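For the sequence shown, our numbering begins at 110 and goes up steadily by one.
C-beta: ideal position from N, C-alpha, C; glycine also.
Treat the numbers as computed from the prediction; the structure is a model and nothing was measured.
Below is one structure; the comments refer to it alone.
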Amino acid sequence: MSTETLKDRIAIVTGASRGLGEGIARAFAGEGATVALFSRDIQRLNKHAADLKALGQEAMAFLVDVADVEQVNRAVDKVVSQFGRVDILVNNAAVAPSMPFVEMSDEVRDSVIGVNIKGVWNCTKTVIPLMIKQRYGKVINISSVTGPLVSGRGMTAYAASKGAVSAFTRTLALEVAEYGINVNAICPGSFDTPMFRSVARSRGWDSEDEYVKHVGKEIPLGRLGTIEEMGDLAVFLASDKSKYITGVEIVIDGGNIIQEHKR
110 MSTETLKDRI AIVTGASRGL GEGIARAFAG EGATVALFSR DIQRLNKHAA DLKALGQEAM
170 AFLVDVADVE QVNRAVDKVV SQFGRVDILV NNAAVAPSMP FVEMSDEVRD SVIGVNIKGV
230 WNCTKTVIPL MIKQRYGKVI NISSVTGPLV SGRGMTAYAA SKGAVSAFTR TLALEVAEYG
290 INVNAICPGS FDTPMFRSVA RSRGWDSEDE YVKHVGKEIP LGRLGTIEEM GDLAVFLASD
350 KSKYITGVEI VIDGGNIIQE HKR
């Protein structure tokens with residue numbers, strides 16, 4: 110049952126058409142926030158916005174490539190024009206190609222840097238001045254355990270990008286703390302999302318479902334995370350219940366990184 114923890118808050122969620130972003134946006138709307146959805150998949154985004162409106166909350170869909178700063182600027186301007194401010198920014202949009210480093214093309218590398226690093230930079234650079242002016246804001250960067258904390262074969266570009274996101278989070282948190290702005294990162298482990306399932310074949314699995322079961326068995330809690338669980342954590346960081354937390358990385362991975370050996 111909703112407690113309207115985010116009542117009257119204005120939130121932007123990038124990569125909101127599916128997976129973790131969709132779950133976060135739904136959780137925000139369920140807690141009373143008005144949500145602006147950014148994604149490159151406008152068809153799914155429009156459907157998602159309609160679903161959120163069915164919950165009785167205002168939701169807007171924006172076709173945005175976060176790697177393009179002009180698109181980001183235009184979309185944020187529209188959000189501010191309609192709602193007057195931005196209280197919460199969730200930098201979730203990301204790509205995660207899986208392939209050996211020696212086989213990775215410059216195009217793939219640039220795509221990862223463009224979305225995972227420049228996208229976070231562009232959205233934050235556009236929104237932070239608004240938050241400084243209002244002396245309030247919550248920035249939540251979706252990092253990963255892969256890169257900042259652990260490594261994975263075939264994930265060189267992704268890991269490097271998420272390491273950058275975590276470093277960016279800590280440094281920005283220090284710079285904007287005096288303005289009442291909290292900047293934190295969430296480091297998810299394995300969640301059952303389209304992005305997670307997309308790497309199954311590149312890792313030699315014919316069945317996505319079997320891959321999900323296999324990975325789940327190696328996690329101490331015995332399963333992958335759900336988008337609802339990610340949404341719950343994001344709501345906490347977006348709310349005033351976390352107002353004394355900034356510059357941290359919160360791991361949500363079912364205990365996977367604490368074990369020395371996989372079972």
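With distance defined between alpha-carbon atoms, name the residue in Gln152, Ala294, Ala273, Asp117 nearest to serine 351.
Within the sequence shown, the letter at position 242 stands for residue 351. With distances taken between Cα atoms, serine 351 lies closest to Ala294.
Worksheet item: Could you give the distance in angstroms between the alpha-carbon of alanine 159 and the alpha-carbon of serine 126?
Response: Residue mapping note: residue 159 aligns to position 50 of the sequence shown, counting from 1. Residue mapping note: residue 126 aligns to position 17 of the sequence shown, counting from 1. Computed Cα separation, rounded: 12 Å.
*asked:* Rounded to whole angstroms, what is the Cα-Cα separation between cysteine 232 and glutamine 180?
replied: Numbered from 1 along the sequence shown, position 123 holds the residue referred to as residue 232. Numbered from 1 along the sequence shown, position 71 holds the residue referred to as residue 180. So the two alpha carbons sit approximately 10 Å from each other.
Helix, strand or coil for leucine 198, going by three-state DSSP, please let me know.
Taking the sequence shown and counting its residues from 1, one reaches residue 198 at position 89. If DSSP states are grouped into helix, strand and coil, leucine 198 belongs with the strands.
- In three-state terms, what does DSSP make of glutamate 287? Here residue 287 corresponds to residue number 178 of the sequence shown, with the count starting at 1. DSSP places glutamate 287 in helix when its eight states are reduced to three.
TODO: Would you kindly check if the distance between the Cβ of proline 297 and the Cβ of methionine 264 is under 8 Å?
DONE: Residue 264 sits at position 155 when you count from the first residue of the sequence shown. Residue 297 sits at position 188 when you count from the first residue of the sequence shown. Not a contact, by the Cβ cut-off of 8 Å.
Would valine 199 and alanine 184 qualify as a contact pair, given that the criterion is a beta-carbon distance under 8 Å? Residue numbering aside, residue 199 sits at position 90 when the sequence shown is read from its first letter. Residue numbering aside, residue 184 sits at position 75 when the sequence shown is read from its first letter. Their beta carbons are not under 8 Å apart, which means valine 199 does not touch alanine 184 by this criterion.
ask   = Based on the DSSP output, what are the partners of cysteine 378 in its beta bridges?
value = The structure shown does not extend to residue 378, since the chain spans only 110 to 372, so no value can be given for it.
On the premise that leucine 258 lies in contact with isoleucine 366, defined as a C-beta separation below 8 Å, what is that separation, rounded to the nearest angstrom? Translated into positions along the sequence shown, residue 366 becomes position 257. Translated into positions along the sequence shown, residue 258 becomes position 149. Yes, they are in contact, since the Cβ atoms of isoleucine 366 and leucine 258 sit about 6 Å apart, within 8 Å.
So, for aspartate 150: in the same chain, excluding its five sequence neighbours on each side, which residues have a beta-carbon less than 6 Å away from its beta-carbon?
Taking the first residue of the sequence shown as position 1, residue 150 is located at position 41. Excluding positions up to five away in sequence, the list reads Ser126.
Check: Would DSSP call serine 148 helix, strand or coil?
Finding: As a working mapping, residue 148 is identified with position 39 in the sequence shown. Of the three classes helix, strand and coil, the one that applies to serine 148 here is strand, per DSSP.
**Request:** Spatial neighbours of proline 206 within its chain, please: CB distance less than 6 Å, with the 5 preceding and 5 following residues excluded, ordered by chain position.
**Result:** For this step, residue 206 is matched to residue 97 along the sequence shown. Closer than 6 Å at Cβ, skipping near neighbours: Val217.
Name the DSSP bridge partner or partners of leucine 172?
One-based indexing of the sequence shown puts residue 172 at position 63. According to DSSP, leucine 172 bridges with Ser148.
Worksheet item: Is the stretch 184 to 193 touching the stretch 282 to 293 in the sense that three or more CB pairs, one from each, lie closer than 8 Å?
Response: no
*asked:* So if DSSP puts asparagine 250 in a beta bridge, which residue, or which two residues, is it bridged to?
replied: Against the sequence shown, residue 250 aligns to sequence position 141. Paired residues: Asn200, Ala294.
Extent of the continuous alpha helix (DSSP H) run through valine 189
What you label residue 189 is simply residue 80 of the sequence shown in a count that begins at 1. Note, valine 189: alpha helix (DSSP H), 178 to 192.
Q. Which residue comes first and which comes last in the beta strand (DSSP E) that contains threonine 123?
A. Within the sequence shown, numbered from 1, the residue matching residue 123 stands at position 14. Counting along the chain, the beta strand (DSSP E) containing threonine 123 begins and ends at 119 to 123.
Supposed close pair valine 204, serine 220 - CB separation, criterion 8 Å | Against the sequence shown, residue 204 aligns to sequence position 95. Against the sequence shown, residue 220 aligns to sequence position 111. Contact flag correct, Cβ pair sits at about 6 Å.
- Query: Residues in its own chain within less than 7 Å of isoleucine 222 by CB, not counting five upstream and five downstream?
  - Reply: The sequence position of residue 222 within the sequence shown is 113, counting from 1. Closer than 7 Å at the Cβ level, and outside the excluded window around isoleucine 222, lie Ser270.
> Between alanine 159 and chain D, is there a C-beta pair that is closer than 8 Å?
Replying inline: The chain inventory of the structure shown lacks chain D, comprising one protein chain alone.
**Contacting residues, own chain, Cβ-Cβ under 8 Å from glutamate 113 (five flanking each side not counted)** = Start at 1 with the first residue of the sequence shown, and residue 113 comes out as number 4. Excluding sequence neighbours, glutamate 113 sits near Glu140, Gly141.
At 4 residues or longer, what runs of the alpha helix (DSSP H) sit wholly inside the stretch 214 to 284? 215 to 221, 228 to 243
key: Distance CB(leucine 161)-CB(arginine 135) smaller than 8 Å   = Numbered from its first residue, the sequence shown carries residue 161 at position 52. Numbered from its first residue, the sequence shown carries residue 135 at position 26. Yes, they are a contact pair.
- [ ] Please list, in chain order, all residues of the same chain as valine 229 whose beta carbon is under 7 Å from its beta carbon, the five residues on each side excluded.
- [x] Along the sequence shown, read from residue 1 onward, the residue named residue 229 stands at position 120. Asn200, Asn250, Val274, Phe277.
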